[in-house]
Amino acid sequence: MQDRLFQDPELVAFYDAENGWGDDTRYCLQLAEHARSVLDLGCGTGLLAAALGTGREVWGVDPAAAMLDVARSREGGGAVTWVEADARTVRLGRRFDLVLLTGHAFQCFLTDADQLALCKTIAAHLAPSGRFIFDSRNPAREEWREWVPELSRRVFDLPGLGPVSAWNDVSFDSATAIATYETCYQDNRGRLWNATSSIRFATKDNIQRAICNAHLSVESWLGDWQGSAFTAQSPEMIPVGHHSEPQFA
Ligand SMILES: C[S@@+](CC[C@H](N)C(=O)[O-])C[C@H]1O[C@@H](n2cnc3c(N)ncnc32)[C@H](O)[C@@H]1O
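All residue numbers for the sequence shown refer to the working numbering, where the first residue is 17 and numbers rise by one.
This is the structure we're talking about:
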């Protein structure tokens with residue numbers, strides 16, 4: 017699961033320029049309104065966790081030290097407990113009112129076994145009446161087809177570096193539903209940075225099975241971060257759920 021996109025400090029510097037505040041972070045901020053504690057798994061550079069950190073206990077877990085370095089130093093980062101760990105195996109010895117993953121971090125878990133291990137971690141950290149939420153892109157939309165140089169080229173400004181052009185290229189293995197994509201950045205002096213990443217486009221059945229086998233259950237499937245109900249052509253698959261059996265605190 018080593019991905020230079022998240023592990024290399026030079027590449028991590030591009031992350032926030034491309035991934036700012038969005039519908040997912042806004043939705044989760046609202047969902048957390050009454051939560052006294054939140055666990056953000058795959059928290060990355062900590063934009064959401066740091067925003068949640070006022071007035072409640074918030075923990076952020078990620079295996080990428082370079083992402084956590086950005087998280088720690090951002091405004092509000094001092095109020096969050098950051099843990100460098102793998103969400104498949106981490107055990108924090110405490111439970112949370114809300115456990116979440118955003119930014120399609122769920123898709124970094126490439127096999128049924130990895131997804132089950134993650135869901136067991138969610139279950140192990142969910143308070144008896146707690147809720148979980150995460151997102152995975154709907155494979156029916158075949159979004160990876162847009163991650164080719166002709167369709168993905170974009171330009172953004174990075175403070176201290178100036179204009180940066182970015183593009184992707186991708187190959188998709190239909191046997192495993194894994195998209196392996198390259199992310200390239202180039203500054204206006206021609207310096208190039210790149211990384212190769214793999215993510216899985218799991219089906220809703222794959223996800224449902226992992227959730228169920230971890231003794232969790234889904235109360236609703238959303239199809240986008242505006243909160244619409246899931247339909248076959250929704251862009252996202254977003255389970256919102258809880259423990260499947262009563263828990264005793
Ligand atoms: C696309 S980023 C999303 C980050 C953040 N949630 C956001 O919305 O900006 C995916 C994150 O998942 C993390 N990740 C990958 N494998 C992981 C694992 N096994 N356990 C926990 N986090 C993982 C990566 O390090 C990365 O920070």
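Think of the CB as a built atom: it goes at the ideal place given N, C-alpha and C, for glycine as much as any other residue.
Between A48 and L21, the gap from beta carbon to beta carbon reaches 7 Å or more.
Counting only runs of 3 or more residues that sit fully inside the segment 127-179, the beta strand (DSSP E) segments are 142-149, 170-174, in chain order. Excluding five sequence positions before and after I149, the CB atoms of its chain that fall closer than 6 Å to its own CB belong to L116, V256, given in chain order.
One Cα belongs to G206, the other to V186, and the distance between them is close to 22 Å. Look at M253: its beta carbon is at least 6 Å from all of the heavy atoms in ligand 1.
A Cβ-Cβ contact shorter than 7 Å links P179 with N204.
When C-alpha distances from A156 are compared across T61, L27, S190, the shortest belongs to S190. Distances taken from the Cβ of D78 to the heavy atoms of ligand 1 include one shorter than 6 Å. A distance of 7 Å or more separates the beta carbons of W241 and Y31. Close CB contacts of T212 within its chain, under the 6 Å cut and outside five residues either way in sequence, are with E198 (chain order).
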